[in-house]
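Shown next, in C-alpha cells, is the structure this report addresses.
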Amino acid sequence: DAKTTQPPSMDCAEGRAANLPCNHSTISGNEYVYWYRQIHSQGPQYIIHGLKNNETNEMASLIITEDRKSSTLILPHATLRDTAVYYCIVRVIDYGGATNKLIFGTGTLLAVQP
Amino acid sequence: NAGVTQTPKFRILKIGQSMTLQCTQDMNHNYMYWYRQDPGMGLKLIYYSVGAGITDKGEVPNGYNVSRSTTEDFPLRLELAAPSQTSVYFCASRPGGPGADYEQYFGPGTRLTVT
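Protein chains in written order, with my numbering: chain A, 52 to 165; chain B, 17 to 131.
In C-alpha cells, the structure reads:
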C-alpha cells in the first residue's frame, strides 16, 4: 500500500471549514484513499473514501487531485467535537484476497478552537 | 446493535502473566481484526480473521495468539506478558467478502499495562 504524508497538527476555528491535506504521490491506479479519525481514547471512526472522483457524505467531503497524488478532507463546519487525529490511508481493495488491512500512519491532530 | 464490544477496558499485568482480551461483534461480520496502538503512534495490525476457523498474522503478531471459533467472537491471547506489550488494543470488524469495499468498525479499546 502507498505511503502517505500528513502534517502532524493543524488548528481550525469553530464554525469554519477544516481542510486536512494528504500527500500520496506513489499511489497506484487501483488504490483508494480512505479517511478515518480517532477522538481521544476512542477507537478509530470511518469518515469517507474515494478512488478518483470527489466524494461527499454527511460527515465530510473528499477532494482528490486529478493526478491522484494528493487529497484534501474537508469538514465544512468544524465543531469542538471534531477535535481528533485524522488518518489518511491508501489501500487496494482486496479483490480475490482477504485482508482489507488498514495501514495507519501517525495522522494529523486537528484542534478546533472555540 | 451494540456493535463491537471489548472487555476489559483496563488491565494491569505483571511480567510473565497471561490474559485474554475479549472482542465480540453482533453485526454478523465475517472479517475481524486486532490492532495495537502505542502512545503517539498509529495502529498496527496484530492478527486478522476472514471468517470462523480462519486466522492469519498481521504486522506485529509475535507474543500473541488468536482463535475464531464463532463469527461473533475473536479473542486475543497474551501468553507471557512483557513490558513491550503495554499498549491500547483495538478490535475491529467489517462486513462483506473478498473484494468488498466496506469500512471497518472499531471497538472502544482495552488499555493494557505490563509492569
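Built from N, CA and C at the ideal position, the CB exists for glycine as well.
query: Spatial neighbours of residue 32 (chain B) in its chain, beta-carbon cut-off 6 Å, leaving aside the 5 residues before and after; result: 96
query: Chain-ordered chain B contacts of residue 93 (chain A) [CB-CB under 9 Å]; result: 122, 124, 125
query: Neighbouring residues, chain B, relative to residue 134 (chain A) (Cβ below 8 Å); result: Within 8 Å Cβ-Cβ: nothing; residue 134 (chain A) doesn't reach chain B, min ~16 Å.
query: Through-space distance from residue 119 (chain B) to residue 148 (chain A), alpha-carbon basis; result: Reliability fails at residue 148 (chain A), whose pLDDT of 48 lies under 50, so the model's placement of it is uncertain and no value is given.
query: Continuous beta strand (DSSP E) stretch holding residue 90 (chain A): start and end; result: Taken as a continuous stretch (DSSP letters only), residue 90 (chain A) belongs to no beta strand (DSSP E), as it is neither H nor E.
query: CB contact flag (residue 77 (chain A), residue 140 (chain A), <8 Å); result: no
query: When B:36, B:18, B:85 are compared against residue 26 (chain B), the one with the closest alpha-carbon; result: B:36
query: Within-8 Å CB hit, residue 153 (chain A) to chain B; result: yes
query: Alpha-carbon to alpha-carbon, residue 76 (chain B) and residue 117 (chain A); result: 35 Å
query: Any chain A beta carbon closer than 8 Å to residue 88 (chain B); result: no
query: Cβ shell of residue 108 (chain A) (< 6 Å), same chain only, five flanking positions each side left out; result: 99
query: The region 111 to 127 of chain A touching the region 58 to 72 of chain A, judged by at least three CB pairs closer than 8 Å; result: yes
query: Pair within 8 Å by beta-carbon distance, residue 143 (chain A) and residue 82 (chain A); result: yes
query: Straight-line Cα distance separating residue 110 (chain A) from residue 137 (chain A); result: 13 Å
query: Nearest candidate by alpha-carbon position, reference residue 39 (chain B), set B:128, B:55, B:91, B:103; result: B:91
query: Neighbourhood of residue 103 (chain B) by C-beta distance below 7 Å, restricted to the same chain and skipping five residues each side; result: 52, 53, 54, 128
query: Contact belief for residue 21 (chain A) with residue 159 (chain A) at Cβ below 8 Å, rounded distance in angstroms; result: Since the displayed chain A opens at 52 and closes at 165, residue 21 (chain A) lies outside it and no answer follows.
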